[in-house]
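The structure under discussion appears below in the form of structure tokens.
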Amino acid sequence: MQSRVAIEKQFRLTRIGLFVVWAILSATGVAWLVSSAKERALSDVMQKAGETLSVQTEILSGVLDKYRLLPPLLSRQSSIRALFVRDVEGNAQSVDARRVAEATSSMSAAMDVAFFFPDGEMLANARGTFAQRAEGLPQLIAVALQGRLGRAALSNSQGERTYAFSSGVRRDGKFVGVVIVYVDFYRVEAAWALSARRIFVTDKSGTVFLANDPGWRLKSLSDLRQTGEVDRYLINGRLEERLDLVRRLPLLEWDLHVLADPAPVAAARLSAATIATLLSLLVGMIALAALRRNEGLTIKARRDRAIALRLERVVRDRTRALSITNASLSKEVEVRREAEERLRKTQDELVQTAKLAALGQMSTALSHEYNQPLAAIRSYADNALRFLDRGALSEVSGNLSRINGLVERMAELSRTLLSFSRKPGATIGPVPLGTVVDEALLLARPRARAAGVASIRVGDGVAGVHVLGGRIRLGQVFVNLVNNAVDALSGQADAWVEIDARREGDRVVVTVIDNGPGVEPEQLPKVFEPFFTTKGVGEGIGIGLSIVDNIIRDFGGTIMVVNRPEGGACFTINLQAAESDAGISGVQAPATAGADA
Ligand code: ADP
């Protein structure tokens, strides 16, 4: 994975690259927008100024055309031709001529109309502003006398300006005079004065002849203009930048100028530059924000990935640790299982040992149990032989049936002994409590009798009850309990032991009580401990009750001991009740139900 430093370096490079691209694009864009705005504004300004120029050119040409035609027309009129006469004294008809000049001048709205003799003497004029003093006059007369149209721009010291047209007057093929019409530009300049733009006319010498600014009139254009990179003109006492649109008025050799104010161009450039710059800044900011966001996302993704990797690593480590633990646990379980197995075997062997120990305790009594019937059988048999000799067959038959009964009893005891001494199985199931108690007493009674405990009673609650357990092991429980009671009762008069049972719900409570001395109160909690005994060496080893406790526990039951108030011990066994041979609730009885072997 890329390091943070590498990523940041990459971001920085991207940022610089994008900034360069942005700067180039922005500069190009701004320049293009500004120049196109300038072009547009300029062409707009030029178009408007050009329109003014065209209109004013037309007006000026119209005015001049009108006056241009006037001198030739007037010179052809006979009434005018007739004016150029002198009387004998050489005096001219100046009064009439003056009247004609005045009428013509006022009708045509010319500045002046004047009549000259070919020698330059003036016959008459209407106003007389330019008639005599003008510089171009001889030229005007001379050209007219050549039969051409004379023309000249004239000005005087009062600042009055005019354009004069001249035409020769012929009579009988001879020039007798010259008609000069002076154009009045007052109206033209008055019209121009309405325009905000400077409008003016320069002649071929560069002098401003007509202008809507009175201050410009008859000044040299070079005094009013400062040429440079941009041309500046003297406007209201200040030099201001202007664009000059010029059109030539061909016949007059005049140039008509219109000055356009380029301010809108500058304004358009400024606003275009502002807008374009703001736009590019906005684009730049958006791009920067997007870039930042992207960088943030990349860093976040990288961090998330790092966290995920770390997590993965942790999980992997934990998993490895867990599987190691798991392996060691299963090993431990295996070891425990084996230990349990060993314990179970040992326990089984212990049970067997305890059983055999009990049998050993009982063996004297049991052998007595066999010897007694054997002696009886012998004497019955002897008697039977004697009865047979006497022919008393009915007595023989009685003795034989008695022998039969004794043999039957011995066989039963032998069967029980055999099954008791066999190693029990591990299965549990319903067992008939009455049968188990009877078998146990069959083994325990001889010893009890020998010890002087004549009465071992079985209560009515025992018969017909089934409990969950193993037949031989349960039998061992009763043998042990009765043996202990007999030990405690030994030598006592009126000693008795009683076994009874009662049903409590789905449990069966079995009690084994005696009228012996009971257990020492401080020893009550200890009697079920292995190797706890109060008996002398060779009389007990202290595992009887411990085995009993284990067996009952295996059956899912409990055993406890208390001392009866009226004296003697009371062992109470609590077992799960079972329904005869059928399965008990919730537990399927095994096939070898109730049989330990
Ligand atoms: P052992 O019989 O070998 O001593 P047990 O585990 O069978 O071992 O009994 C432990 C002790 O419990 C006996 O030594 C005796 O003191 C006491 N005990 C057992 N049953 C009785 C009883 N019915 N009355 C009085 N004490 C008893």
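Per my numbering, the sequence shown runs over residues 123 to 719. Just so it is clear, CB atoms sit at the ideal spot from N, CA and C, and this is done for glycine as well. Because the structure is a prediction, the values reported are computed rather than measured.
Q) Is residue 623 near residue 637, with beta carbons less than 8 angstroms apart? A) no
Q. At what residues does the alpha helix (DSSP H) containing residue 418 begin and finish?
A. 385-512
**Q.** Exposure of residue 675, with buried meaning 16 or more beta-carbon neighbours within 10 Å
**A.** Classification for residue 675: exposed.
Q | Span of the alpha helix (DSSP H) around residue 633 | A | Unbroken run through residue 633 is the beta strand (DSSP E), 629-636; no alpha helix (DSSP H).
Q) For the 8 angstroms Cβ check, are there 3 or more pairs between the stretch 588-598 and the stretch 641-658? A) No contact exists between the stretch 588-598 and the stretch 641-658.
Q.
Please return the same chain residues whose Cβ sits closer than 8 angstroms to the Cβ of residue 271, not counting the five positions on each side in sequence.
A. 190, 193, 194, 265, 287, 288 and 289
Q: Please say whether residue 532 and residue 492 have beta carbons closer to each other than 8 angstroms?
A: yes
Q | Chain-order list of residues whose beta-carbon lies under 7 angstroms from that of residue 394 (same chain, five-residue window excluded) | A | 155, 156 and 159
(Q) Taking the alpha helix (DSSP H) that residue 160 belongs to, which residues open and close that run? (A) 126-197
Q | Enclosing beta strand (DSSP E) for residue 696 [first to last residue] | A | 691-700
Q.
Going by C-alpha to C-alpha distance, which of 539, 683, 430 and 152 sits closest to residue 696?
A. 683
Q) Between the beta-carbon of residue 591 and the beta-carbon of residue 553, is there less than 8 angstroms? A) yes
Q. Thinking C-alpha only, which one of 518, 367, 244 and 377 is nearest residue 726?
A. The question about residue 726 has no answer here: the residues shown for the chain are numbered 123 through 719.
(Q) Just to check my reading of the structure: residue 263 and residue 242 have Cβ atoms closer than 8 angstroms, yes? What is that Cβ distance to the nearest angstrom? (A) 6 angstroms
Q) Do the stretch 318-334 and the stretch 364-382 touch if we need at least three Cβ pairs shorter than 8 angstroms? A) yes
Q: Look at residue 217 and residue 227 and say whether their C-beta atoms are less than 8 angstroms apart.
A: no
Q: Report yes if the C-beta distance between residue 129 and residue 432 is below 8 angstroms; otherwise report no.
A: Note that the C-beta distance between residue 129 and residue 432 is not below 8 angstroms.
Q.
My assumption, with CB atoms under 8 angstroms, is that residue 162 sits in contact with residue 382. Please give the rounded CB distance.
A. That pair is no contact at about 15 angstroms.
Q. How many Å lie between residue 284 and residue 305 at the Cα?
A. 5 angstroms
Q: Identify which residue in 260, 225 and 610 has its Cα closest to the Cα of residue 641.
A: 610
(Q) Whole angstroms are fine: how far does the CA of residue 133 sit from the CA of residue 428? (A) 19 angstroms
(Q) For the beta strand (DSSP E) containing residue 330, name the first residue and the last one. (A) 330-333
Q) Looking at the unbroken alpha helix (DSSP H) that takes in residue 676, where does it start and where does it end? A) Per DSSP, residue 676 belongs to the alpha helix (DSSP H) from 666-676.
**Q.** Whole-number beta carbon distance between residue 481 and residue 543, since they are thought to touch under 8 angstroms
**A.** 6 angstroms
Q.
Do residue 652 and residue 685 count as a contact pair if the criterion is CB distance below 8 angstroms?
A. no
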